[in-house]
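Going line by line, the protein sequences match chains A and B. Be aware that the first sequence starts at 1, since it is given in the working numbering, and climbs by one per residue. Be aware that the second sequence starts at 1001, since it is given in the working numbering, and climbs by one per residue. Every residue, glycine too, gets a C-beta built ideally from N, C-alpha and C.
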Amino acid sequence: MTMLRDALLSALVALGLFGVMIGLKTDPGPTSLVLTWRPEAVAIAVVVVFFGRLALLSWRASRPAVAKGPGQVAAVMRKAGKYLAPVLLVLTATMPFYAGRYYLDLGILVLTYVMLGWGLNIVVGLAGLLDLGYVAFYAVGAYSFALFATEYGLGFWTCLPLGGLFAATFGVLLGFPVLRLRGDYLAIVTLAFGEIVRVVILNWVSLTGGPNGISGIPRPTFFGLTFSAAGGEGSFADFFGIEPDISQRVIFLFYVIFGLALLTNWVSLRLRNLPLGRAWEALREDEVACRSLGINVTITKLTAFGIGAMFAGFAGAFFATRQAFISPESFTFIESAIVLAIVVLGGLGSQLGVAMAAAVMIGGAELLRGIVIAGVDLVEYRMLFFGLALVLVMVLRPRGLVSGRTPSVSLGKAREIPAEMVAEGRG
Amino acid sequence: MAELLSVENLTMRFGGLLAVDTLSFTARAGEITAVIGPNGAGKTTVFNCITGFYRPTSGQLSLTHAGGHGFQLQSLPGHRIARVARVARTFQNIRLFAGMTVLENLMVAQHNTLMPNVASGLLAVFGLGGYRPIQARALDKARLWLDAIGLTERADDVAGALPYGAQRRLEIARAMCVDPVLLCLDEPAAGLNPRESDELSALLLRIRGGEIGDGCSILLIEHDMGVVMRISDHVVVLDHGKKISDGTPEAVRNDPHVIAAYLGDGDEGLE
Ligand SMILES: Nc1ncnc2c1ncn2[C@@H]1O[C@H](COP(=O)(O)OP(=O)(O)OP(=O)(O)O)[C@@H](O)[C@H]1O
Ligand SMILES: [Mg+2]
């Protein structure tokens, strides 16, 4: 009985909300907007809410009272993770052998976000510094790569480290004034910094080309061999005596970003077990205690910021060479938000979780393209699915898909630490 | 015994509140100096000034190492006080790295030994810079202290899940991993049962005597008079930010000012 009343109440609320939101549709008329009244759509929405609520309530009632404890869930996830990670690795490494051009391109995109996620994970997941302007370093990497490559004609393998270096320098320079702020304040200031970098790029027309961006960024070469559709002297296809094919470049790019992502992963995993990474995590746990132990809090935060920025710079450089064209539009706040969402969804500090979240959020969303329901392409609803995914994960697994941490050093057998014990950091 | 810490005319003002008022006392090397006083007397504030968490409004805090090297603590940046002047501390409300294991807590405390500078920290990523032997030594020291506080069995357990008494001991061991010459303990016996208090007293005496570690003087804030009277060599009594008594435990225990301060509010005059 209470269920029925609850469902009716929900339906009433839905009526109130959807009566205006869905019921009234505005269309451009000959002189002004014309209101169209759509009672049938409202009715459908209200009925859906009524029965949905009823179903949810009865499902809850029928469920056994004792749910699985968080420890058990974590144990299952960890076991799965042990096998999942190598499987994913092999699947990714062999992708060019079984996947077509479209999926390879998608793979490159996903791997770029995996790399960005892993980079940001150093800053947010390990050091606990909430950075909402991560895209700024991505932009710095991309633009320094583009400028060095187009202005000075430097090759891909020279410009790539330069991009990372510039971004890292930027990270340290920005970090210096900003890192004395904590928590929400740090988040707001980094957000502002991200926007400032974009606005500067947009307006410094003589250097960056402003809104027109930079085009004609050279493509990467394989030990000096170019990849061109035409083949010809000095090209990859010519050297190896094979048919020139544009997919060779795609495969090459795929392995470049795969390697870069693995490098990011390797460095973060290594650092985690070394004093520097341990100090980051200690900082996330308790900054005051760190200071009392003689740890230079500022320097430690700066290294996290700088190293995180460096990987964003690498990713940015890769992005520039892959697109051959960059403009400020690629470096808006939404990119920062997506990368942060990937890190939070995956589980702060978890490498596997971040990779999975990136695959689902970026790859999954892109796979919606072309699925047309009732005349609209589902990819248009990408942001809706993002939001849903975030809400779902936050309700079911507030610490992200894969949470908990493995001790960085142990005398006996290392045991996983449940996420509930681990601090999230206050900046 | 040589003078280790000398506090001269230390004053700390918070807006209109005078938390510490021209306080002077000394702590000698190789001794346990207790700082006692009623709640709100300003004891923790003194510690916060010594360890660089507060900048004193005025006054000098001079620390002299056995080699004769001196430091003015009031003008050192916070992290240098632990690293260079070698003053370590614990907190009144335990501040462990709760999400890290017991062993990790002890390793973080040895951060500056493990990673003298950022470059060496980064080189270690590529296995360069001779990190391994340094880590082995750090692990040995951690084992030593785990053994001293009886937590060897729980080395790989998460610190936040330890019982209260064990957390207190771990915080002391963590501070000792900094290799301090002066260990500042803020109410280490708070919340311990009588047996644990006895064990703590024994541990502190061993630390002072150099039976574990290299010998270290102790500055102790404590409300448990049993512990204070048993182990301290010298007691300083504060009330309302001022020193009201200073001397051996016996002398202080019989000082009428101290009795007045503890029994009633001196201002109201109980007699
Ligand atoms: N950061 C601060 N800002 C303002 N007032 C402070 C601050 N820290 C301490 N005080 C005040 O200074 C006085 C002394 O506090 P303190 O914590 O040093 O006392 P205590 O002797 O350690 O007491 P307890 O035995 O309760 O720990 C108190 O009145 C306290 O309210
Ligand atoms: Mg206190």
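What is the residue span of the alpha helix (DSSP H) that residue i lies within?
i        : result
K1242(B) : K1242(B) -> not in any alpha helix (DSSP H); beta strand (DSSP E) instead, spanning K1242 to G1247.
W266(A)  : I246 to R272
G1121(B) : V1118 to L1123
I371(A)  : Neither: I371(A) is in no alpha helix (DSSP H) and is coded neither H nor E.
M1229(B) : M1225 to I1231
S1197(B) : P1194 to G1209
R101(A)  : R101 to L120
G299(A)  : Per the sequence shown, residue 299(A) should be read as Ile rather than Gly. I299(A) -> alpha helix (DSSP H) spans V297 to Q323.
W59(A)   : P39 to S62
In whole angstroms, give me the CA-to-CA distance for residue i and residue j.
i        : j        : result
P1194(B) : L1200(B) : 10 Å
F331(A)  : L388(A)  : 24 Å
P398(A)  : L174(A)  : 31 Å
A1085(B) : R1154(B) : 31 Å
T1064(B) : R1143(B) : 30 Å
R1208(B) : L1139(B) : 22 Å
G171(A)  : A1029(B) : 45 Å
W204(A)  : A1119(B) : 35 Å
G209(A)  : A149(A)  : 15 Å
E1031(B) : A1002(B) : 10 Å
L302(A)  : F1091(B) : 26 Å
I1218(B) : V178(A)  : 37 Å
G353(A)  : S403(A)  : 8 Å
A419(A)  : R405(A)  : 7 Å
K1141(B) : S1024(B) : 35 Å
M361(A)  : I342(A)  : 7 Å
G81(A)   : L1183(B) : 44 Å
S408(A)  : A1251(B) : 50 Å
A414(A)  : W157(A)  : 39 Å
L283(A)  : E424(A)  : 10 Å
Can you find the residues in the same chain that come closer than 6 Å, C-beta to C-beta, to residue i, ignoring five residues on each side of it along the sequence?
i        : result
A261(A)  : L111, V114 and M115
F319(A)  : A142
F50(A)   : A7 and A11
L430(A)  : Because residue 430(A) is not part of the residues shown, which for chain A are 1 to 427, the question remains open.
A429(A)  : Residue numbering for chain A in the displayed model covers 1 to 427; residue 429(A) lies beyond these limits and cannot be assessed.
I1094(B) : Q1167 and E1171
R1242(B) : One detail in the question is off: residue 1242(B) reads as Lys in this sequence, not Arg. Excluding positions up to five away in sequence, the list reads D1021.
Given residue i, which residues of its chain have a CB within under 8 Å of its CB, disregarding the five upstream and five downstream residues?
i        : result
A146(A)  : I214, I217, A320 and I326
L1151(B) : V1102, L1162, A1166, R1169, L1170 and A1173
S247(A)  : R101 and L104
S1197(B) : A1189, D1224, G1226 and V1227
M95(A)   : Y103, L104, G107 and F254
Y365(A)  : The sequence given here places Ala at residue 365(A); Tyr does not occur at that position. Within the same chain, A365(A) has close Cβ partners V379, R382, F385 and F386.
A93(A)   : F258
I122(A)  : S268, L271, W280, A304, I307, G308 and F311
Q1110(B) : A1138, K1141, A1142, C1177 and V1178
N1009(B) : T1022, L1023, S1024, S1058, G1059 and Q1060
Taking the continuous beta strand (DSSP E) assigned at residue i, which residues delimit it?
i        : result
K1043(B) : Segment K1043 to I1050 is the alpha helix (DSSP H) holding K1043(B); no beta strand (DSSP E) there.
G25(A)   : For the sequence presented, residue 25(A) should be read as Lys rather than Gly. Its beta strand (DSSP E) spans residues L24 to P28.
G141(A)  : It is not in any beta strand (DSSP E) - G141(A) instead sits in the alpha helix (DSSP H) that spans V135 to E151.
W157(A)  : No beta strand (DSSP E) holds W157(A); the alpha helix (DSSP H) holding it covers F156 to V178.
Short of 7 Å in beta carbon distance, which residues of its chain neighbour residue i, apart from the five on each side in sequence? Order them along the chain.
i        : result
G1269(B) : Confidence is the limiting factor: at G1269(B) the pLDDT is only 41, short of 50, which leaves the residue's position unreliable, though a coordinate-based value still follows. Excluding sequence neighbours, G1269(B) sits near nothing in its chain.
D1239(B) : G1037, P1038, A1041, A1261 and G1266
A67(A)   : Confidence is the limiting factor: at A67(A) the pLDDT is only 49, short of 50, which leaves the residue's position unreliable and the question unanswerable from this model.
S997(B)  : Because chain B in this structure spans residues 1001 to 1271, residue 997(B) falls outside the shown range and cannot be described.
L35(A)   : L24 and T26
F1053(B) : G1078
E1271(B) : With a pLDDT of 39 at E1271(B), under the threshold of 50, the modelled position of that residue is not reliable, and the figure given next carries that caveat. Nothing listed; no residue qualifies.
S336(A)  : L132, G133, Y134, V135 and G194
G1129(B) : S1120 and L1123
For the region 1104-1118 of chain B, enumerate the residues whose C-beta is nearer than 7 Å to any C-beta of chain A, in chain order. E1104, M1107, V1108, A1109, H1111, N1112, L1114, M1115 and V1118
Give every residue whose Cβ lies closer than 6 Å to any heavy atom of ligand 1, listed in chain order. F1014(B), L1017(B), A1019(B), G1037(B), N1039(B), G1040(B), A1041(B), G1042(B), K1043(B), T1044(B), T1045(B) and Q1092(B)
Anything in the region 1155-1175 of chain B with a Cβ closer than 8 Å to a Cβ of chain A? List those residues in chain order, please. A1155, D1156, D1157, V1158, G1160, A1161, R1174 and A1175
Got a sec: which bits of the region 401-418 of chain A sit with their beta carbon under 9 Å from any beta carbon on chain B, in order along the chain? R405, P407, S408, V409, S410, L411, G412, K413, A414, R415, I417 and P418
What residues in the region 30-42 of chain A have a beta carbon less than 7 Å from any beta carbon of chain B? none
Return the residues of the region 272-295 of chain A that lie within a Cβ-Cβ distance of less than 7 Å from chain B, sorted by chain order. L274, P275, L276, R278, A279, E281, A282, E285, D286, V288, A289, R291, S292, L293, G294 and I295
Along the region 1088-1101 of chain B, where does the CB come closer than 9 Å to a CB of chain A? Name the residues. A1088, R1089, T1090, F1091, R1095, L1096, F1097, A1098, G1099, M1100 and T1101
Within 7 Å of chain B by C-beta, residues of the region 256-268 of chain A in sequence order: V267
Any residues in the region 1052-1081 of chain B with a beta carbon nearer than 9 Å to a beta carbon of chain A? Which ones, in chain order? Of all residues in the region 1052-1081 of chain B, G1052, F1053, P1077, G1078, H1079, R1080 and I1081 have a Cβ within less than 9 Å of some Cβ in chain A.
Got a sec: which bits of the region 341-362 of chain A sit with their beta carbon under 9 Å from any beta carbon on chain B, in order along the chain? Along the region 341-362 of chain A, none of the residues has a CB nearer than 9 Å to a CB of chain B.
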